[in-house]
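Novice: Starting off with a structure, shown below.
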Amino acid sequence: MTCVLRLIPIFFFLTSSLMAQESSFLGISSNTVSRSKAAALGFENTYGRYVVYTVKQTAAERMGLQPFDYLVGMNGQPFSAEYNLHDALGATTPGESVQVDFVRAGRLQSAQAVLGTRSQADRSHRPDQEDPFLGVAPDHNTAQNEIPGVPVRIVDCSTAEAMGMQDGDVIQQIDDFKMIDWHDIGAAVNFRAVGDPIRVVFVREGRTYEESLPIKSEYETENADCNSAPQPAVAAETPVQTEKVQSEVVEIEMEDVTSEEAEAMKRSKGIDMPVVNNLEIERLKIFPNPSSGIFNLQFELPNLGNTSIRLFNSSGRLIYQSDLGPFSGDFSDRIDL
Numbered sequence: 000m001t002c003v004l005r006l007i008p009i010f011f012f013l014t015s016s017l018m019a020q021e022s023s024f025l026g027i028s029s030n031t032v033s034r035s036k037a038a039a040l041g042f043e044n045t046y047g048r049y050v051v052y053t054v055k056q057t058a059a060e061r062m063g064l065q066p067f068d069y070l071v072g073m074n075g076q077p078f079s080a081e082y083n084l085h086d087a088l089g090a091t092t093p094g095e096s097v098q099v100d101f102v103r104a105g106r107l108q109s110a111q112a113v114l115g116t117r118s119q120a121d122r123s124h125r126p127d128q129e130d131p132f133l134g135v136a137p138d139h140n141t142a143q144n145e146i147p148g149v150p151v152r153i154v155d156c157s158t159a160e161a162m163g164m165q166d167g168d169v170i171q172q173i174d175d176f177k178m179i180d181w182h183d184i185g186a187a188v189n190f191r192a193v194g195d196p197i198r199v200v201f202v203r204e205g206r207t208y209e210e211s212l213p214i215k216s217e218y219e220t221e222n223a224d225c226n227s228a229p230q231p232a233v234a235a236e237t238p239v240q241t242e243k244v245q246s247e248v249v250e251i252e253m254e255d256v257t258s259e260e261a262e263a264m265k266r267s268k269g270i271d272m273p274v275v276n277n278l279e280i281e282r283l284k285i286f287p288n289p290s291s292g293i294f295n296l297q298f299e300l301p302n303l304g305n306t307s308i309r310l311f312n313s314s315g316r317l318i319y320q321s322d323l324g325p326f327s328g329d330f331s332d333r334i335d336l
């Protein structure tokens, strides 16, 4: 079915067309890049896919693909406006060997592997005790003033707070990766295990700082006693008051969208809503953090289908879109409003 969900207030659409059989699965979560981001990263091809994470027991893992790899072609054919990753995978079958061309650290590379299916992948999620957590949230109140990077707010008792970071600091680099937007922060943090060192370069009032500490887990951060925490690595000129970011699970009721509701939405918001009710969705959960403007979206699709997720604000502006292509199984993403 088509799911409509009103939240804060947001309109959430998840559509899927059922498919008869499993398709080829590369095993990555990835994003497109804007022309400005491509220019900042030195990418000539603006039609590629920027890897956020790879899935275990998939062709991507066998190829050795990593977060921040930029996929630019398959089997020698570059991606373009007429030929993207979805098109390339759609022309293959599971069990077929493919070559993926990608840019890593400014160098064009290639790797080969045999494609599998989504059901063959290990899509298990790390528990909170094993989930690395830097402790930053988007700061929508800080003007960047042409400073490249991502303005952030700081979570109590976190690794970021132990580094001496403050609300309004602008993260420019994590390890050797340039931070352009919030997607980059998530990819960089998740690209490690709890206890591994994480190096953060950030700017505050025109001064650049660089700090490195072992990263805590989300569980450790949320259950820490801040009163017994060590002093921050960077001395703050003035006391900074932070707040504990809390989340709660929102109970969701789903219902089919009627043709009258779809027409009203198109008339008032300019949003074209599908009314084909063939999507079976299970375990849909939303974990909002009202203080940070971030929420986690999770659901499961038991059947394979071409799947698209769209989020609109109350004025009808598209604020999030993810085209998953042929998809079944568990989905989870952290979304910044």
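Going letter by letter, the sequence shown gives residues 0 to 336 in numbering that gives the first Met the number 0.
Built from N, CA and C at the ideal position, the CB exists for glycine as well.
Quick check on Ser23: does DSSP put it in helix, strand or coil?
Specialist: As a working note, residue 23 is residue 24 in the sequence shown. Coil, per DSSP.
Novice: Beta carbon of Tyr218, beta carbon of Asp127: below 8 Å?
Specialist: Position 219 of the sequence shown, counting from 1, holds the residue named residue 218. Position 128 of the sequence shown, counting from 1, holds the residue named residue 127. Yes.
Novice: How should Pro77 be labelled, buried or exposed, when 16 other C-beta atoms within 10 angstroms of its C-beta is the threshold for buried?
Specialist: As a first step, residue 77 is located in the sequence shown; it is residue number 78 there, counting from the start. Label assigned to Pro77: exposed.
Novice: Under the three-state reduction of DSSP, which class applies to Thr53: helix, strand or coil?
Specialist: Within the sequence shown, residue 53 is the residue found at index 54, counting from 1. In the structure shown, Thr53 sits in a strand (DSSP, three-state: E or B).
Novice: With Val32 and Tyr49 assumed to form a contact (beta carbons below 8 Å), what rounded beta-carbon distance in angstroms separates them?
Specialist: Against the sequence shown, residue 32 aligns to sequence position 33. Against the sequence shown, residue 49 aligns to sequence position 50. That belief holds up - the Cβ atoms of Val32 and Tyr49 are roughly 5 Å apart, short of 8 Å.
Novice: Would you mind giving the Cβ-Cβ distance between Leu64 and Ala110, rounded to the nearest angstrom? I have them listed as a contact below 8 Å.
Specialist: Taking the first residue of the sequence shown as 1, we reach residue 64 at position 65. Taking the first residue of the sequence shown as 1, we reach residue 110 at position 111. That belief holds up - the Cβ atoms of Leu64 and Ala110 are roughly 7 Å apart, short of 8 Å.
Novice: Return the Cβ separation of Ala58 and Val113 in integer angstroms, given the expectation that the two are a contact with Cβ distance under 8 Å.
Specialist: Position 59 of the sequence shown holds residue 58. Position 114 of the sequence shown holds residue 113. Yes, they are in contact, since the Cβ atoms of Ala58 and Val113 sit about 6 Å apart, within 8 Å.
Novice: Kindly indicate which residue of Asn74, Glu95, Tyr82 has the alpha-carbon position closest to the one of Thr45.
Specialist: Locating residue 45 in the sequence shown gives position 46, where the first residue counts as 1. Checking every option, the nearest Cα to that of Thr45 belongs to Tyr82.
Novice: Quick check on this structure: which residue in Leu323, Asp175, Ile146 has the alpha carbon closest to the alpha carbon of Phe67?
Specialist: On the sequence shown, position 68 is the one that residue 67 refers to. The shortest Cα separation from Phe67 among Leu323, Asp175, Ile146 belongs to Asp175.
Novice: Would you mind working out which of Ala80, Thr158, Phe101 sits nearest Arg198, comparing C-alpha positions?
Specialist: For the purposes of this step, residue 198 is taken as residue 199 along the sequence shown, with counting starting at 1. Just measuring C-alpha positions, the residue of Ala80, Thr158, Phe101 sitting nearest Arg198 is Thr158.
Novice: Under the three-state reduction of DSSP, which class applies to Asp86: helix, strand or coil?
Specialist: Working through the sequence shown from its first residue, we reach residue 86 at position 87. Reduced to three states, the DSSP call for Asp86 is helix.
Novice: Among Lys55, Pro150, Ser23, which one has its Cα closest to the Cα of Leu203?
Specialist: Position 204 of the sequence shown holds residue 203. The question names Leu, yet the displayed sequence has Arg at residue 203. Nearest option by C-alpha distance: Pro150.
Novice: Considering only C-alpha positions, which residue in the set Gly148, Glu21, Gly304, Gly47 is nearest to Ser29?
Specialist: One-based indexing of the sequence shown puts residue 29 at position 30. With distances taken between Cα atoms, Ser29 lies closest to Gly47.
Novice: Take Met62 as the anchor and find which of Asp86, Val99, Ser35 has the nearest alpha-carbon.
Specialist: In the sequence shown, residue 62 corresponds to position 63, counting from 1. Nearest of Asp86, Val99, Ser35 to Met62, Cα basis: Val99.
Novice: Report the rounded CA-to-CA distance for Ile27 versus Gly148, giving the unit in angstroms.
Specialist: Here the question's residue 27 lines up with position 28 in the sequence shown. Here the question's residue 148 lines up with position 149 in the sequence shown. Near 25 Å, if we compare the C-alpha coordinates of Gly148 and Ile27.
Novice: Starting from Arg34, follow the alpha helix (DSSP H) in both directions and report where the run begins and ends.
Specialist: On the sequence shown, position 35 is the one that residue 34 refers to. Segment 34 to 40, the alpha helix (DSSP H) holding Arg34.
Novice: Does the beta-carbon of Gly72, which I'm using as the reference point, lie nearer than 7 Å to any heavy atom of the ligand ZN?
Specialist: Looking for the ligand ZN in the displayed structure turns up nothing, as the structure carries no ligands at all.
Novice: Whole-angstrom Cβ separation of Leu212 and Met162, contact assumed at under 8 Å?
Specialist: Reading the sequence shown from its first residue, position 213 is the one you call residue 212. Reading the sequence shown from its first residue, position 163 is the one you call residue 162. Leu212 to Met162, Cβ: 6 Å. Contact.
Novice: Within 10 angstroms of its Cβ, does Gln56 collect 16 or more other Cβ (buried), or is it exposed?
Specialist: Counted from its first residue, the sequence shown places residue 56 at position 57. Counting Cβ neighbours within 10 Å, Gln56 comes out exposed, since fewer than 16 surround it.
Novice: Leaving out five residues before and five after Glu145 in sequence, what residues of the same chain have Cβ atoms less than 8 Å from its Cβ?
Specialist: Looking up residue 145 in the sequence shown gives position 146. Once the five neighbours on either side are set aside, Glu145 has no close Cβ partner at all.
Novice: Quick check on the DSSP output: the alpha helix (DSSP H) that includes Tyr69 runs from which residue to which?
Specialist: As a working note, residue 69 is residue 70 in the sequence shown. That residue, Tyr69, is in no alpha helix (DSSP H); its beta strand (DSSP E) goes 69 to 73.
Novice: For Arg106, write down the residues that DSSP places opposite it in a beta bridge.
Specialist: The residue labelled residue 106 in the question sits at position 107 within the sequence shown. Arg106 is bridged to Arg103.
Novice: What do you reckon, are the CB atoms on Phe73 and Val102 nearer than 8 Å?
Specialist: Along the sequence shown, read from residue 1 onward, the residue named residue 73 stands at position 74. Along the sequence shown, read from residue 1 onward, the residue named residue 102 stands at position 103. Position check: residue 73 holds Met in this sequence, whereas Phe was assumed. Taking 8 Å as the Cβ cut-off, Met73 and Val102 do not qualify as a contacting pair.
Novice: Within this structure, are the beta carbons of Phe24 and Arg117 separated by less than 8 Å?
Specialist: Translated into positions along the sequence shown, residue 24 becomes position 25. Translated into positions along the sequence shown, residue 117 becomes position 118. Yes, they are a contact pair.
Novice: Quick check on this structure: which residue in Ala186, Glu210, Glu299, Cys156 has the alpha carbon closest to the alpha carbon of Tyr69?
Specialist: The residue you call residue 69 lines up with position 70 of the sequence shown. Checking every option, the nearest Cα to that of Tyr69 belongs to Ala186.
Novice: Taking Cβ to Cβ, would you say Arg191 is nearer than 8 Å to Ile214?
Specialist: One-based indexing of the sequence shown puts residue 191 at position 192. One-based indexing of the sequence shown puts residue 214 at position 215. Yes.
Novice: Out of Ala104, Thr220, Asp86, which one is the CA nearest neighbour of Val154?
Specialist: Numbered from its first residue, the sequence shown carries residue 154 at position 155. With distances taken between Cα atoms, Val154 lies closest to Thr220.
Novice: Can you tell me whether Val154 is helix, strand or coil according to DSSP?
Specialist: To locate residue 154, count along the sequence shown from 1; it is residue 155. Of the three classes helix, strand and coil, the one that applies to Val154 here is coil, per DSSP.
Novice: I'd like the list of long-range same chain contacts for Phe330, defined as Cβ closer than 6 Å, with 5 residues on each side in sequence excluded.
Specialist: The residue given as residue 330 occupies position 331 in the sequence shown. Once the five neighbours on either side are set aside, the close Cβ partners of Phe330 are Phe298.
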